[in-house]
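For what it's worth, UniProt numbering labels the leading residue of the sequence shown as 1, then goes sequentially. Where a beta carbon is used, it is the ideal one built from N, C-alpha and C, also for glycine. Owing to the predicted nature of the structure, the values given are computational and were not obtained by experimental measurement.
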Amino acid sequence: MSEPEPVGYGQPPSKTRFRKGQSGNPRGRPKNSRREIPYDAVLGQMVTIREEGRERRVTAAEAFLLQLTQKGLAGDSAAARASLEAIEAARAARSDNYIGPTKLVWKAVHSGMDAILDTLAIARLKYPTDEARVRWELNPWIVEAALARLGDRQLTLQEQHEVWNATRTPHKVRWPEWWGHFGK
Numbered sequence: 001m002s003e004p005e006p007v008g009y010g011q012p013p014s015k016t017r018f019r020k021g022q023s024g025n026p027r028g029r030p031k032n033s034r035r036e037i038p039y040d041a042v043l044g045q046m047v048t049i050r051e052e053g054r055e056r057r058v059t060a061a062e063a064f065l066l067q068l069t070q071k072g073l074a075g076d077s078a079a080a081r082a083s084l085e086a087i088e089a090a091r092a093a094r095s096d097n098y099i100g101p102t103k104l105v106w107k108a109v110h111s112g113m114d115a116i117l118d119t120l121a122i123a124r125l126k127y128p129t130d131e132a133r134v135r136w137e138l139n140p141w142i143v144e145a146a147l148a149r150l151g152d153r154q155l156t157l158q159e160q161h162e163v164w165n166a167t168r169t170p171h172k173v174r175w176p177e178w179w180g181h182f183g184k
C-alpha cells in the first residue's frame, strides 16, 4: 500500500487543488481597483471644529476646505488657489450629476402627528393592535440627528434613559462620547 499523501497548511488534498493552467482567480483583479482611495470614508467622517469660541460638527471635507480657505485669506496664495479649485470642482460635479426629478409621487397623507411620523420614517408604531402597550419608537437616524443638534449640552442620566427607551433599535445608534446609559 502506498504512503498517504501529506495534507495540511499549504498542501490541500490533490483532488481539490487547481489543475495545471487553471487560475484561482479567473477574472483577475479589476482594472484601477488599487488606485481608488477611500475618499468618501475619510472625508465623510464627522469632526468637531471651533469657530469664534463655539464648537460645531462638520464633515472632514468641509473642515479641510475651511482650513484651506482660512490659509488663503491669510495670504497663502497656493492655499487660495487650491481652495478655489476645490470649490469649482465641487460646483462642476454637482451640476453635472444633477438630473432633476425623474418621477413625481403624489401620496395622500392623513393629517396629524401619526401620519407625519410614519410617512417620514421618523418613528414606528409598536404594538399597534394592543391599546394597553401601543407606543411610538424613534428610528436611530432621528435620534442621532437630535443628539447632534444639542451641541455642547449633555442630557442627564434620567433623560438618557428616556431617550434609550423611546428608541426603536438603540444598538444601531452612534451614541455621543458622553453618553452614559446603555440599557436597563
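One or two residues paired with residue i in a DSSP bridge
{"i": "A148", "result": "According to DSSP, A148 bridges with nothing at all."}
{"i": "A123", "result": "L138"}
{"i": "V58", "result": "V47"}
{"i": "T167", "result": "L138"}
Residue from the options with nearest C-alpha to residue i
{"i": "R176", "options": "G151, D118 and G53", "result": "It is worth fixing the name first, because residue 176 is Pro in this sequence and not Arg. Ranking G151, D118 and G53 by Cα distance to P176 puts G151 first."}
{"i": "A166", "options": "L65, V105, R124 and F64", "result": "R124"}
{"i": "W178", "options": "L157, P170, K126 and A61", "result": "L157"}
{"i": "M46", "options": "E52, G53, A60 and E55", "result": "A60"}
{"i": "K172", "options": "N139, R149 and V134", "result": "N139"}
{"i": "L117", "options": "W141, R153 and K71", "result": "W141"}
{"i": "E85", "options": "T69, A74 and G100", "result": "T69"}
{"i": "K107", "options": "L120, L66, I99 and H181", "result": "L120"}
{"i": "A89", "options": "L65, G72 and N32", "result": "L65"}
Environment of residue i [buried if 16+ CB atoms lie within 10 Å]
{"i": "L147", "result": "buried"}
{"i": "S23", "result": "exposed"}
{"i": "S77", "result": "exposed"}
{"i": "S111", "result": "exposed"}
{"i": "V163", "result": "buried"}
{"i": "S14", "result": "exposed"}
{"i": "S2", "result": "exposed"}
{"i": "V42", "result": "exposed"}
{"i": "V143", "result": "buried"}
Presumed contact (8 angstroms Cβ cut-off) between residue i and residue j, rounded CB distance
{"i": "E137", "j": "R91", "result": "Contact flag wrong, Cβ pair sits at about 41 angstroms."}
{"i": "T48", "j": "R57", "result": "5 angstroms"}
{"i": "A79", "j": "K71", "result": "4 angstroms"}
For this session: Jot down the residue ranges of each uninterrupted alpha helix (DSSP H) in the UniProt region "Disordered" (1-36), minimum 4 residues, whole runs only, in chain order.
Result: With a minimum length of 4 residues, no continuous alpha helix (DSSP H) run stays inside the UniProt region "Disordered" (1-36).
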